[in-house]
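The next block holds one structure in the form of structure tokens; read it before the comments.
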Amino acid sequence: MSSSPYPLGLRLDGRRVVVVGGGAVATRRVPALLDAGADVLLVAPELTPALRAHVNAARLRWAPRRFTPEDLDGAWLVQVAIDDPAAAESVSAAAAERRIFCVRADDRTAATAWTPAVTRHGPVTVAVLGGGDPRRAMTIRDAIRDLLAAREGPLVDGPALDTAAGRVALVGAGPGDPELITVRGWRLLTEADVVVADRLVPGLLLDELRPDVELVDASKIPYGPSRAQEEINEILVDRARAGAFVVRLKGGDPYVFGRGGEELLACAQAGVPVTVVPGVTSSIAAPAAAGIPVTHRGVAHEFTVVSGHLAPDSPASLVSWEALAGLRGTLVILMGLKNLAAITATLIAHGRSPQTPAAVVQEATTGAQRMLRSTLGAVAADLVAADIRPPAVVVVGDVVGALDA
Ligand code: SAH
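With full-length UniProt numbering, letter number 379 in the sequence shown gets 379, and the count goes up by one each step, no holes.
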């Protein structure tokens with residue numbers, strides 16, 4: 001019976017760590033070492049393709065041969081990721097001679113250090129040692145990860161160091177299904193003091209906010225669209241200056257027809273720290289949810305996302321519909337229902353076939369999702385007949401139907 005291990009957080013920035021072995025175990029161990037900033041020396045005659053990619057990108061050094069004791073000169077830590085017991089033992093012996101801790105994938109009892117099961121939540125790292133049983137450690141780690149993911153509120157009491165001053169995060173909420181927000185977006189949402197949400201943001205995400213979070217519904221701001229945008233910018237800046245962590249939650253991706261850029265500039269000009277968390281955009285997710293891939297081998301090698309909120313003949317339009325009519329690939333039109341008759345007529349007039357398959361997907365990835373299949377020539381009329389309403393995405397191209405069995 002040995003004593004219990006002594007836990008440590010090794011700060012490996014710039015420090016030499018030797019990994020012996022180039023197979024599956026090394027492939028899994030190396031990324032966390034690189035993430036910790038370690039100066040990794042990999043000793044192995046052969047490498048997996050993933051390890052080779054690290055070598056090619058110059059993220060680590062590779063000695064393409066078998067281990068020799070001198071490989072450990074200057075090292076702080078060694079990880080043995082080979083399953084030949086005699087070879088592993090010789091690494092252990094060389095490490096012990098040099099007083100270097102040695103992790104053994106092949107034999108935990110022969111190791112002088114154990115790697116824990118880990119889960120990371122922003123700045124917080126939780127490491128679990130299972131008393132010699134890695135599977136027990138992973139089970140407990142999974143339970144802790146689930147608890148932390150479900151937990152409401154920041155991981156630490158009171159403002160963390162980097163949140164002591166106010167700041168803003170522009171977060172993409174995804175297309176509609178609350179599960180389609182990113183892991184980072186979700187974490188920031190649970191840490192927010194103020195949430196400024198759009199109309200298209202999944203309601204369930206807001207349902208789960210702590211009661212003390214101030215929720216600002218940006219769609220309820222009176223005044224016209226441009227005045228309302230100024231108002232939103234002001235709310236972001238004012239709340240952040242008062243010390244709050246403000247999450248500006250936007251449908252889809254913040255920069256896809258979302259005015260995210262204007263909000264970023266407003267914060268930056270006011271000296272408020274601001275970050276952007278990309279989101280799953282409806283322009284790709286809505287077709288996908290309806291079984292339409294925006295590209296498909298042998299069918300479409302391009303997709304173009306375009307806003308249809310202005311009619312093609314509007315002087316304010318920045319879209320060259322004539323040029324788009326000449327493309328063979330997939331066309332995804334957002335905010336295009338109102339102007340669809342004029343848009344499709346323009347595309348046809350400039351050469352796109354009226355027989356081109358087209359589809360409309362309404363409220364994609366939600367319980368209310370509806371889809372209409374048609375052609376470029378008929379879709380504008382079919383849409384009215386089917387009573388399709390916004391928010392909806394129009395997809396034009398041979399990818400519509402590409403996955404039909
Ligand atoms: N930033 C958003 C788009 C904002 S513009 C994104 O990246 O998804 C708003 C338009 O997006 C709507 O008019 C509609 O065309 C489209 N849209 C957003 N959510 C949608 C959904 N769940 N289903 C279909 N279209 C959607």
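Cβ atoms here follow ideal geometry from the backbone N, Cα and C, with glycine treated the same way.
Buried or exposed, going by whether 16 or more other CB atoms sit within 10 Å of the CB of Arg199?
Along the sequence shown, one-based indexing puts residue 199 at 199. Exposed, because fewer than 16 other Cβ atoms sit within 10 Å of the Cβ of Arg199.
Mapping the DSSP letters down to three states, classify Thr190 as helix, strand or coil.
Walking along the sequence shown from the start, residue 190 turns up at place 190. Residue state, collapsed to three classes: helix.
Beta-carbon gap between Leu77 and Phe101 smaller than 8 Å:
In the sequence shown, residue 77 corresponds to position 77, counting from 1. In the sequence shown, residue 101 corresponds to position 101, counting from 1. A contact, by the Cβ cut-off of 8 Å.
Residues bridged to Val213 [DSSP beta-bridge criterion]:
Sequence index remark: in the sequence shown, residue 213 carries index 213 (1-based). According to DSSP, which records beta bridges pairwise, Val213 is partnered with nothing at all.
Quick one: residues in its chain with C-beta nearer than 8 Å to the C-beta of Val213, no 5 flanking neighbours on either side, listed in chain order?
What you label residue 213 is simply residue 213 of the sequence shown in a count that begins at 1. Excluding sequence neighbours, Val213 sits near Ala192, Asp193, Val194 and Val195.
Ligand 1 and Gly261: does any heavy atom of the ligand fall closer than 7 Å to the residue's C-beta?
As a working mapping, residue 261 is identified with position 261 in the sequence shown. No.
Contact check, Gln79 vs Val19, beta carbons under 8 Å:
As a first step, residue 79 must be located in the sequence shown, where it is residue number 79. As a first step, residue 19 must be located in the sequence shown, where it is residue number 19. A contact, by the Cβ cut-off of 8 Å.
Take the Cβ of Ala405 as the centre, count every other Cβ of all protein chains shown within 10 Å, and call the residue buried at 16 or more, exposed below.
For the purposes of this step, residue 405 is taken as residue 405 along the sequence shown, with counting starting at 1. The residue in question, Ala405, is exposed, as its Cβ has fewer than 16 Cβ neighbours within 10 Å.
Measure the beta-carbon distance from Asn233 to Ala197 and round it to whole angstroms, keeping in mind my assumption that it falls under 8 Å.
Within the sequence shown, numbered from 1, the residue matching residue 233 stands at position 233. Within the sequence shown, numbered from 1, the residue matching residue 197 stands at position 197. Incorrect: roughly 15 Å between the Cβ atoms, too far for contact.
Gly166 at chain D interface by Cβ criterion, 8 Å:
Judged by its chain identifiers, the structure shown contains no chain D, having just a single protein chain.
Measure the beta-carbon distance from Ala173 to Gly251 and round it to whole angstroms, keeping in mind my assumption that it falls under 8 Å.
Working through the sequence shown from its first residue, we reach residue 173 at position 173. Working through the sequence shown from its first residue, we reach residue 251 at position 251. So it is a contact: roughly 6 Å between Cβ atoms.
Among residues of its own chain, excluding the 5 on either side of Pro69, which ones have a beta-carbon nearer than 7 Å to its beta-carbon?
Taking the first residue of the sequence shown as position 1, residue 69 is located at position 69. Cβ within range, chain order: Ala94.
Please determine, among Ala364, Pro357 and Asp398, the residue with the shortest C-alpha to C-alpha distance to Arg389.
Numbered from 1 along the sequence shown, position 389 holds the residue referred to as residue 389. Nearest of Ala364, Pro357 and Asp398 to Arg389, Cα basis: Ala364.
Could you check if Lys250 belongs to the surroundings of ligand 1, using beta carbon to heavy atom distance under 7 Å?
Walking along the sequence shown from the start, residue 250 turns up at place 250. Yes, since a heavy atom of ligand 1 falls inside the 7 Å radius drawn around the Cβ of Lys250.
Proximity below 8 Å, CB of Ala81 to CB of Val25:
Reading the sequence shown from its first residue, position 81 is the one you call residue 81. Reading the sequence shown from its first residue, position 25 is the one you call residue 25. Yes, the Cβ-Cβ distance between Ala81 and Val25 is below 8 Å.
Helix, strand or coil at Lys250 [DSSP, three-state]
Counting from 1 along the sequence shown, the entry for residue 250 is found at position 250. Reduced to three states, the DSSP call for Lys250 is strand.
Rounded to the nearest angstrom, how far is the Cβ of Gln369 from that of Val361, given a contact under 8 Å?
Residue mapping note: residue 369 aligns to position 369 of the sequence shown, counting from 1. Residue mapping note: residue 361 aligns to position 361 of the sequence shown, counting from 1. Going by Cβ atoms, the distance from Gln369 to Val361 rounds to 7 Å, so yes, they are a contact pair.
Mind listing, in chain order, the continuous alpha helix (DSSP H) runs of no fewer than 4 residues lying wholly within the stretch 297 to 334?
321 to 325
DSSP three-state label for Leu41, please.
Residue numbering aside, residue 41 sits at position 41 when the sequence shown is read from its first letter. Here Leu41 sits in strand by DSSP.
Backbone secondary structure at Arg241 - three-state DSSP
In the sequence shown, the residue the question calls residue 241 occupies position 241. In this structure, Arg241 counts as helix in the three-state DSSP scheme.
Could you tell me if Val272 is buried or exposed, where buried requires 16 or more neighbouring beta carbons within 10 angstroms of its beta carbon?
Start at 1 with the first residue of the sequence shown, and residue 272 comes out as number 272. Buried, by the Cβ-count rule.
On the DSSP bridge assignment, give the partners of Val171 in chain order.
Your numbering for residue 171 matches position 171 in the sequence shown. Val171 is bridged to Leu249 and Val277.
Name the one or two DSSP bridge partners that Trp62 has.
On the sequence shown, residue 62 is found 62 positions in, with the first residue counted as 1. In the DSSP output, where bridge partners are listed per residue, Trp62 has Leu42.
With a threshold of 7 Å (Cβ to nearest heavy atom), would Met371 be considered close to ligand 1?
Along the sequence shown, read from residue 1 onward, the residue named residue 371 stands at position 371. Outside the cutoff, so no.
Specify whether the stretch 137 to 152 and the stretch 324 to 342 touch according to this definition: at least 3 beta carbon pairs, one from each stretch, less than 8 Å apart.
no
Using 10 angstroms around the beta-carbon of Gly397, count the other beta-carbons present and answer buried if the total reaches 16, otherwise exposed.
Your numbering for residue 397 matches position 397 in the sequence shown. Result: buried.
Which residue comes first and which comes last in the beta strand (DSSP E) that contains Gln362?
On the sequence shown, residue 362 is found 362 positions in, with the first residue counted as 1. Counting along the chain, the beta strand (DSSP E) containing Gln362 begins and ends at Pro357 to Gln362.
Rounded to the nearest angstrom, what separates Asp35 and Arg259 at their Cα positions?
The residue you call residue 35 lines up with position 35 of the sequence shown. The residue you call residue 259 lines up with position 259 of the sequence shown. Going from the Cα of Asp35 to the Cα of Arg259 covers about 33 Å.
Among Val171, Leu33, Ser226 and Leu42, nearest to Leu205 - alpha-carbon criterion
For the purposes of this step, residue 205 is identified with residue 205 of the sequence shown, where counting begins at 1. Ranking Val171, Leu33, Ser226 and Leu42 by Cα distance to Leu205 puts Val171 first.
Please classify Ser353: does DSSP put it in a helix, a strand, or coil?
Locating residue 353 in the sequence shown gives position 353, counting from the first residue. The answer is coil: DSSP assigns Ser353 none of H, G, I, E or B.
By how many angstroms is the C-alpha of Trp114 removed from the C-alpha of Ser4?
In the sequence shown, residue 4 corresponds to position 4, counting from 1. In the sequence shown, residue 114 corresponds to position 114, counting from 1. Looking at the two C-alpha atoms, the distance is approximately 11 Å.
Rounding to the nearest angstrom, what Cα-Cα distance links Leu215 and Gly243 in this structure?
Here residue 215 refers to the residue found at position 215 when the sequence shown is read from its first residue. Here residue 243 refers to the residue found at position 243 when the sequence shown is read from its first residue. Leu215 and Gly243: Cα-Cα distance of roughly 16 Å.
Hey, is the stretch 45 to 60 in contact with the stretch 106 to 113, meaning 3+ C-beta pairs nearer than 8 Å?
no
Is the Cβ-Cβ distance between residue 407 and Leu72 less than 8 Å?
Beyond the ends of the chain as shown, which are 1 and 405, falls residue 407; an answer cannot be given.
Quick check on Arg199: does DSSP put it in helix, strand or coil?
Within the sequence shown, numbered from 1, the residue matching residue 199 stands at position 199. In the structure shown, Arg199 sits in coil (DSSP, three-state: anything other than H, G, I, E or B).
Sub-8 Å separation of Pro211 and Asp177 beta-carbons:
What you label residue 211 is simply residue 211 of the sequence shown in a count that begins at 1. What you label residue 177 is simply residue 177 of the sequence shown in a count that begins at 1. The answer is no: Cβ separation not under 8 Å.
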